[in-house]
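Written below as structure tokens is the structure these notes are about.
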Amino acid sequence: MGESPADLVAPRPVLSHEVIHAGKVFDLVGDVVDLGESQVLREYVAHPGAVAVIALDDDDQVLLLSQYRHPVRSVLWEPPAGLRDVPDEELVLAAARELAEEADLVAGAWWRLVDFYTTPGGSDERIRIFLARDLRPVADGDRFTRTDEEAAMVPQWVPLDDAVDAALSGRLHSPTAVTGVLAAAAARARGWSTLEPA
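Numbering (numbering that gives the first Met the number 0), first residue to last: 0 to 197.
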């Protein structure tokens with residue numbers, strides 16, 4: 000039996016790079032890439048990356064938030080999450096900021112849960128999901144004022160096993176929710192031994 004598979008960072012030479020469209024949050028770019036046997040044009044979304052938080056309370060309930068996502072014309076249940084849009088901000092600090100802003104929560108314990116690319120054939124977006132525990136509310140005077148789609152978010156605490164059932168039955172479609180709750184359940188099944196301190 001061979002070794003366990005592991006992704007390998009192995010960039011190919013980029014012969015040219017063009018910003019096709021500069022957007023507010025991310026850009027559409029085109030690279031001419033030398034694959035050795037051929038040169039190909041690959042267009043993709045250049046994305047700043049994001050973080051997400053699986054917040055678990057003392058009863059192993061996970062916090063999910065409903066949020067309208069216009070590209071898919073749906074209200075999705077998602078964990079607190081957000082863009083890496085503060086220059087040089089550590090990932091765990093970005094996650095803590097998003098947890099406070101979107102869920103009015105502060106966590107006393109943080110671990111790296113899982114990393115993934117959302118759509119590696121069409122975007123370079125990478126998301127790190129953290130597990131947060133030892134939760135307490137943000138003080139009333141320090142709460143963030145949510146706007147736009149975030150203003151309508153509804154929080155719901157869901158038993159982790161029920162969230163896993165929702166992911167496996169196709170009732171959840173957000174990649175951070177599906178990946179996060181399955182990763183949390185797998186980590187719990189291993190006695191949390193796979194977690195890395197943040």
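By construction, the Cβ of each residue, glycine as well, lies at the ideal position given by its N, Cα and C atoms.
Boundaries of the beta strand (DSSP E) harbouring G81: A80 to L82, taken from the DSSP string. Annotation: the continuous beta strand (DSSP E) that includes G107 extends over L104 to Y116. Boundaries of the beta strand (DSSP E) harbouring P136: R125 to P136, taken from the DSSP string.
Taking the C-beta atoms as reference points, F129 is found nearer than 7 Å to A197. For R170, no beta strand (DSSP E) run applies, since DSSP gives it neither H nor E.
With 16 or more neighbouring CB atoms inside 10 Å of its own CB, E124 falls in the buried class. Non-local beta-carbon contacts of H20 in its own chain, meaning distances under 6 Å to residues more than five positions away in sequence, involve L27 in chain order. For P158, the closest alpha carbon among the candidates P10, L14 and D56 is that of D56.
If you draw a straight line from the Cα of R135 to the Cα of L194, it comes to about 21 Å. Listed as beta-bridge partners of P158 by DSSP are Q60. Under the criterion of beta carbons closer than 8 Å, L64 and P79 qualify as touching, at roughly 6 Å. Here W109 is buried: its Cβ has 16 or more other Cβ atoms, across all protein chains shown, within 10 Å. V163 sits close to V180, with the two beta carbons spaced by under 7 Å. Straight-line spacing of the CA atoms in Q60 and W156 works out to 6 Å. Taking C-alpha positions only, F25 is separated from V13 by approximately 20 Å. Sequence-distant partners of L98 (beyond 5 residues in either direction) whose C-beta falls short of 8 Å from its own C-beta, in its chain, are V52, A54, P79, L104, V105, A106 and A131. Cβ atoms of E77 and T146 stay farther apart than 8 Å, at about 17 Å.
Rounded to the nearest angstrom, the gap between the Cα atoms of G29 and R11 is 14 Å. A direct Cα-Cα distance of roughly 27 Å separates D87 from L62. Within the model, the alpha-carbon separation for Q66 versus G1 is close to 43 Å.
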